[in-house]
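Colleague:
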Amino acid sequence: MHHLRIGGIELELSPPSGHIIVEKNAIYAQFWDYDGVPCDNHLSAAVRLADRLPFPVSESVPVSGAWRYWCDGHTRAALFMARAGKRERIAVILPASGNEIQVLVFPDAMPSPRNPGIPNPLHFPVDMVVWSMLLPFRQGLVMHAAGWLHGGEVVVLAGPGGAGKSTLAGLLQSEIGGTILSDDRMILRMSPDGLLAWGTPWSGDRNMAVNRAAPVRQILFLHKDRRNRMSTMTRSRVVESLLKVSTIPWYDQQLSSRALQLVEEISRVAECRSLGFVAGESAATFVAGSGLD
140 MHHLRIGGIE
150 LELSPPSGHI
160 IVEKNAIYAQ
170 FWDYDGVPCD
180 NHLSAAVRLA
190 DRLPFPVSES
200 VPVSGAWRYW
210 CDGHTRAALF
220 MARAGKRERI
230 AVILPASGNE
240 IQVLVFPDAM
250 PSPRNPGIPN
260 PLHFPVDMVV
270 WSMLLPFRQG
280 LVMHAAGWLH
290 GGEVVVLAGP
300 GGAGKSTLAG
310 LLQSEIGGTI
320 LSDDRMILRM
330 SPDGLLAWGT
340 PWSGDRNMAV
350 NRAAPVRQIL
360 FLHKDRRNRM
370 STMTRSRVVE
380 SLLKVSTIPW
390 YDQQLSSRAL
400 QLVEEISRVA
410 ECRSLGFVAG
420 ESAATFVAGS
430 GLD
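Structure, rendered in structure tokens:
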């Protein structure tokens with residue numbers, strides 16, 4: 140059996156026969172079969188080979204070019220298609236209740252009939268899609284952000300692609316110290332101890348990924364500027380900014396409602412600021428000197 144641990148959620152994969160081939164990927168080393176991180180949610184995933192879906196593909200809706208979504212009001216499923224978009228490769232079925240997930244692997248996902256192993260079905264982006272469906276019921280969401288762990292707390296560097304998350308994260312680590320939990324996507328979850336930020340394996344340009352969690356010190360919404368400056372934000376602007384960087388499952392009313400409630404809660408409990416910066420060493424010292432060290 141293999142265990143995938145992301146954002147405090149542990150998923151145990153059990154194949155029907157043979158074994159699951161988990162890729163030798165340094166980024167995922169702390170997420171696959173790694174016991175060094177506590178998890179408060181434990182789920183099992185029964186992996187099996189399949190030649191047909193338990194529902195018609197025509198009843199599913201396209202979410203992106205890579206996958207489709209299906210729901211009958213109780214059970215949810217993410218369906219990942221072959222490149223031609225006409226044949227199924229992997230389907231992940233999440234029941235409305237219970238802790239057992241079904242992972243269906245279709246022939247198009249198998250490299251060779253002579254190979255007894257099953258290729259890891261929860262590779263990227265399958266794992267990220269599944270977690271984005273699991274998290275809303277566990278007070279969490281995926282955020283387009285880097286996370287700088289310093290002094291026992293995390294400064295979340297949020298922004299869309301090109302905002303400078305990887306750049307600023309790298310500068311902070313090299314010039315100030317600390318640990319980068321991720322340079323592209325973080326998981327934020329409410330807990331009895333407050334808002335926590337988790338590193339994820341879904342890294343960016345610098346391939347920074349650490350499976351740790353710590354309380355959120357501050358959320359900084361990044362944009363490139365002609366000078367370094369930090370400003371406070373109104374509550375409505377914080378909500379608007381959070382929506383731009385959060386993975387909201389709009390394809391499902393119940394999931395999106397839960398995620399939107401969490402966005403509202405984060406806007407209430409987290410200290411949020413807007414950060415304009417110039418890429419360079421001065422940006423790191425500016426951030427570290429703005430009441431964060």
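Position one of the sequence shown corresponds to residue 140 (the working numbering), numbered consecutively onward. We put the beta carbon where it would ideally sit given N, CA and C, even for glycine. This structure is a prediction, so every number in the text was calculated from the model and none was measured.
(1) Does the segment 176-188 touch the segment 144-154, meaning 3 or more C-beta pairs lie closer than 8 Å?
(2) Of the choices Gly338, Val384, Glu404, whose alpha-carbon is the least far from that of Ile166?
(3) Which complete beta strand (DSSP E) runs does the segment 176-214 hold, if anything under 3 residues is left out?
(4) Tell me which residues share the same chain as Ala235 and place their Cβ nearer than 8 Å to its Cβ, disregarding the 5 neighbours each side in the sequence.
(5) Any contact of the segment 191-200 with the segment 373-385, i.e. 3+ C-beta pairs under 8 Å?
(6) Considering only residues of the same chain and omitting the five flanking positions on each side of Asp432, which have a CB-CB separation below 6 Å?
(7) Per DSSP, His158 is paired with what?
(8) Lys304 by DSSP, collapsed to three states: which one?
(9) For the pair the segment 380-390 and the segment 344-357, tell me if three or more CB-CB distances fall below 8 Å.
(10) Give the range of the beta strand (DSSP E) segment to which Arg412 is assigned.
(11) Give every residue of the same chain whose Cβ lies closer than 6 Å to the Cβ of Pro340, excluding the five residues on either side of it in the sequence, and list them in chain order.
(12) Please report the residue range of the beta strand (DSSP E) in which Ser153 lies.
(13) Counting only the same chain and skipping the five closest in sequence on each side, list residues whose C-beta sits under 6 Å from that of Ser396.
(14) Can you find the residues in the same chain that come closer than 8 Å, C-beta to C-beta, to Pro250, ignoring five residues on each side of it along the sequence?
(15) What is the residue span of the beta strand (DSSP E) that Ser271 lies within?
(16) With a CB to CB cut of under 8 Å and the five nearest residues on each side skipped, what residues in its chain are close to Ser406?
(17) Taking one C-beta from the segment 311-323 and one from the segment 277-293 each time, how about it: are there three or more such pairs within less than 8 Å?
(18) According to the Cβ coordinates, are Gly303 and Phe219 closer than 8 Å?
(19) Classify Asp432 as helix, strand or coil using the three-state DSSP reduction.
(20) Let's see if you can read the secondary structure: which residues bound the beta strand (DSSP E) around Val293?
(21) Which of helix, strand or coil does DSSP assign to Lys383?
Modeller: On the basis of the coordinates in this document:
(1) yes
(2) Taking the first residue of the sequence shown as 1, we reach residue 166 at position 27. Of Gly338, Val384, Glu404, the residue nearest in Cα terms is Gly338.
(3) 180-188, 206-210
(4) Your numbering for residue 235 matches position 96 in the sequence shown. Only His213, Thr214, Arg215 meet the Cβ criterion.
(5) no
(6) As a working note, residue 432 is residue 293 in the sequence shown. The pLDDT assigned to Asp432 is 43, lower than 50, so where the model puts this residue is not dependable, and the model offers no usable value.
(7) Position 19 of the sequence shown, counted from the start, is the residue given in the question as residue 158. Answer is Gly256, bridged to His158.
(8) Numbered from 1 along the sequence shown, position 165 holds the residue referred to as residue 304. Of the three classes helix, strand and coil, the one that applies to Lys304 here is helix, per DSSP.
(9) no
(10) Position 273 of the sequence shown, counting from 1, holds the residue named residue 412. 411-416 is the span of the beta strand (DSSP E), which, as asked, contains Arg412.
(11) Sequence index remark: in the sequence shown, residue 340 carries index 201 (1-based). Counting only Cβ-Cβ distances below 6 Å, and skipping sequence neighbours, we find Ile166, Tyr167, Phe170, Ala348.
(12) In the sequence shown, the residue the question calls residue 153 occupies position 14. Start and end: 148-153.
(13) Locating residue 396 in the sequence shown gives position 257, where the first residue counts as 1. Counting only Cβ-Cβ distances below 6 Å, and skipping sequence neighbours, we find nothing.
(14) On the sequence shown, residue 250 is found 111 positions in, with the first residue counted as 1. Pro258.
(15) By 1-based counting over the sequence shown, the position of residue 271 is 132. Looking at the DSSP string, Ser271 is not in any beta strand (DSSP E); the run it does join, the alpha helix (DSSP H), is 265-273.
(16) Within the sequence shown, numbered from 1, the residue matching residue 406 stands at position 267. Excluding sequence neighbours, Ser406 sits near Arg374, Val377, Val378, Leu381.
(17) yes
(18) Walking along the sequence shown from the start, residue 303 turns up at place 164. Walking along the sequence shown from the start, residue 219 turns up at place 80. No; because the gap between Cβ atoms is not below 8 Å, this pair is not in contact.
(19) On the sequence shown, position 293 is the one that residue 432 refers to. Residue placement at Asp432 is flagged as unreliable, the pLDDT there being 43, under the threshold of 50; a coordinate-derived value is accordingly withheld.
(20) Start at 1 with the first residue of the sequence shown, and residue 293 comes out as number 154. From DSSP, the beta strand (DSSP E) with Val293 extends over 292-297.
(21) Within the sequence shown, residue 383 is the residue found at index 244, counting from 1. Correct three-state label for Lys383: helix.
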